[in-house]
Every structure is written in structure tokens, then in C-alpha cells.
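Following: one structure in C-alpha cells, then a few remarks.
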Amino acid sequence: MVESLPPGYSSFDLWPFRSPDGEWIPLRREMSSDDVGAVVLSLLGHSTSGELTRPDVGAAFDELIRLETLFLPGGLLLEAEGIAVTPGCCCDLTDWPDWHGMPDGNVPDLGHGPGTMVEFDGDIIRFWPDVDDEDWESPEGRRLEIRRHDLPGLLQGVHRDLAGFLEALRAWVRNLEPSHADQVVAAVSGYLRVGASPSA
Numbered sequence: 000m001v002e003s004l005p006p007g008y009s010s011f012d013l014w015p016f017r018s019p020d021g022e023w024i025p026l027r028r029e030m031s032s033d034d035v036g037a038v039v040l041s042l043l044g045h046s047t048s049g050e051l052t053r054p055d056v057g058a059a060f061d062e063l064i065r066l067e068t069l070f071l072p073g074g075l076l077l078e079a080e081g082i083a084v085t086p087g088c089c090c091d092l093t094d095w096p097d098w099h100g101m102p103d104g105n106v107p108d109l110g111h112g113p114g115t116m117v118e119f120d121g122d123i124i125r126f127w128p129d130v131d132d133e134d135w136e137s138p139e140g141r142r143l144e145i146r147r148h149d150l151p152g153l154l155q156g157v158h159r160d161l162a163g164f165l166e167a168l169r170a171w172v173r174n175l176e177p178s179h180a181d182q183v184v185a186a187v188s189g190y191l192r193v194g195a196s197p198s199a
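Residue numbering for the sequence shown follows numbering that gives the first Met the number 0, beginning at 0 and increasing consecutively.
So this is what it looks like as C-alpha cells:
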């Protein structure tokens, strides 16, 4: 999922997008065009420098295709029994494949301010969400637990959702600038590393 756009993007007028509302934007096949527009604008705005002023949609898509430094504020949602682990500040959705290392004891960047503390205990991975720095060594409160061998299946679901988002993205680009659809989808697929096997 992707973080809601900050208010500073409200002046952008090349395509409609979901207004900043503080809510996460899930990426999946069934997305509104405004949600897709917000995700594309977030990727473009956070991965480039300077003002978000482009002469036309085609120029914006040309820049999107050529991005070199990527940042898409967001990450994965882990939720069970009323407990949610959400991305912290500075978490980047394009790093989501790093979760594949968790069964081997490697912790991906989950953000900060507050952050999520992770503990490995045999086959169990425990997550304490919203932990402040002073409580990092001994977190308290509710925690979420998953089994290591369940994680690959969960990540396959993430891969399917991102592949579905690419379908929504293709339809969205075709509605705005059909000649750019294949290039934009190929570029964003690479940025999100959706083309690779989910077990990679």
C-alpha cells in the first residue's frame, strides 16, 4: 500500500487523483482511477526533484519512464486479530521483496517514528507495532505473530496484488495517453520488481 499524498500536491492538474486524506492506498486490480493517479503522482513526485510542473501528460509519463532514483512512500500491511503492522516513516514500497529474507532471520526496513520491533523465536516471527525508541529493547503491548513458513504464501499474495495494480495502471494510462501505456507499465513493473518470481 502507498501513503496518502501530502497537501503540497494539490496544485498538480495533469490528471485527477485522490485528495490527501491521511489514509493508505491499497494497490490491487480493483482500484479507482483517482487512486491510481495518486500512486503514480506519488512515485513521480517523490522520485524527482524540483516543482511538479510538467507541460503535458506525455512529458510527465516520459519522465516517469526514465526515473533513476526511486522512492514510493509505503510498504506492506500485516494484519491479524485486530493488530496491524503498517509501514513507518521513510519506508519504501519498492523494497517489498526484502521481506523474502525474513524466514532466514533478515529484517526488512519497516520505517521509523515509531517503528516495528521484530523478534525471531524458532518458527515464530513476532511483530510489535508502534514501538518508540525508549521501549525498543523491551517492547510491551499487543503483538502479531506469524509462522516463518507462512510468509512465502503471504508474499505470493502481495505479488498478485501488485500484478493486479499493473493491470489497473495500464487501463488508466490508456485512458490518458494510450501510446505510453506499454512503456509506463513496463517501467513501473521494474520499479516494483513485479516481473520477478515471488520466491526470488
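Don't be surprised by glycine CBs; every beta carbon is placed ideally from N, CA and C.
task = Report, in whole angstroms, the separation of the C-beta atoms of L13 and W98, which I expect to be a contact under 8 Å.
result = At roughly 33 Å, the Cβ-Cβ gap does not stay under 8 Å, so L13 and W98 are not in contact.
task = Report all residues from its chain with a CB closer than 7 Å to the CB of L165; omit the five preceding and five following residues, and keep chain order.
result = The answer, listed in chain order, is V184, V187, S188 and V193.
key: Residue closest to Y8, alpha-carbon to alpha-carbon, out of G36, P25, R27 and L26   = With distances taken between Cα atoms, Y8 lies closest to G36.
CA-to-CA distance, R53 to F126, given in whole angstroms = Answer to the nearest angstrom: the Cα atoms are 42 Å apart.
task = Please report the residue range of the beta strand (DSSP E) in which R125 lies.
result = Where R125 is concerned, the enclosing beta strand (DSSP E) stretches over I123 to V130.
task = Compute the Euclidean distance between the alpha carbons of S178 and S18, then round it to the nearest angstrom.
result = Near 27 Å, if we compare the C-alpha coordinates of S18 and S178.
task = Within the same chain, show all residues whose beta-carbon is closer than 6 Å to that of F16, passing over the 5 residues directly before and after it, in chain order.
result = Same-chain partners within the cutoff: D33, G36, A37 and L40.
ask   = What residues in its chain sit with their C-beta under 6 Å from that of L66, if we drop five residues either side in the sequence?
value = By the criterion of a C-beta distance shorter than 6 Å, L66 is surrounded in its chain by S46, once the five residues flanking it on both sides are discounted.
ask   = Straight-line CA distance for L77 to L69?
value = If you draw a straight line from the Cα of L77 to the Cα of L69, it is about 23 Å long.
request  = In the DSSP assignment, find the unbroken alpha helix (DSSP H) run with V117 in it and report its ends.
outcome  = Not the alpha helix (DSSP H): V117 falls in the beta strand (DSSP E), residues G114 to D120.
request  = Give the secondary structure of R146 by DSSP, where H, G and I count as helix, E and B as strand, and everything else as coil.
outcome  = Collapsing the DSSP output to three states places R146 in a strand.
message = Quick check on the burial criterion: 16 or more other C-beta atoms within 10 angstroms. Buried or exposed for I123?
response = It counts as exposed.
Minimum length 3: unbroken beta strand (DSSP E) runs contained in the segment 47-88 = The qualifying runs are 77-79 and 82-84.
inquiry  = Quick check: M30 and A167, are their CB atoms within less than 8 Å of each other?
reply    = Between M30 and A167, the C-beta spacing is below 8 Å.
query = From T85 to L43, what distance separates their C-alpha atoms?
reply = Between the C-alpha atoms of T85 and L43 there is a straight-line separation of about 22 Å.
query = Which one of H111, P128 and D103 has the shortest CA to CA distance from G121?
reply = Nearest C-alpha to G121: D103.
query = Name the DSSP bridge partner or partners of H111?
reply = According to DSSP, which records beta bridges pairwise, H111 is partnered with C88.
Rounded straight-line distance, which links the Cα of E118 to that of A59 = Between A59 and E118, the C-alpha separation is close to 43 Å.
query = Where do the ends of the alpha helix (DSSP H) carrying V106 lie?
reply = The continuous stretches of alpha helix (DSSP H) do not include V106, and DSSP gives it neither H nor E.
message = Here's the rule I'm using: 16 or more other beta-carbon atoms within 10 Å means buried, otherwise exposed. How should S48 be labelled?
response = Note on S48: under 16 other CB atoms within 10 angstroms of its CB, so exposed under the neighbour-count rule.
ask   = By DSSP, does V193 sit in helix, in strand, or in coil?
value = Coil at V193, not helix or strand.
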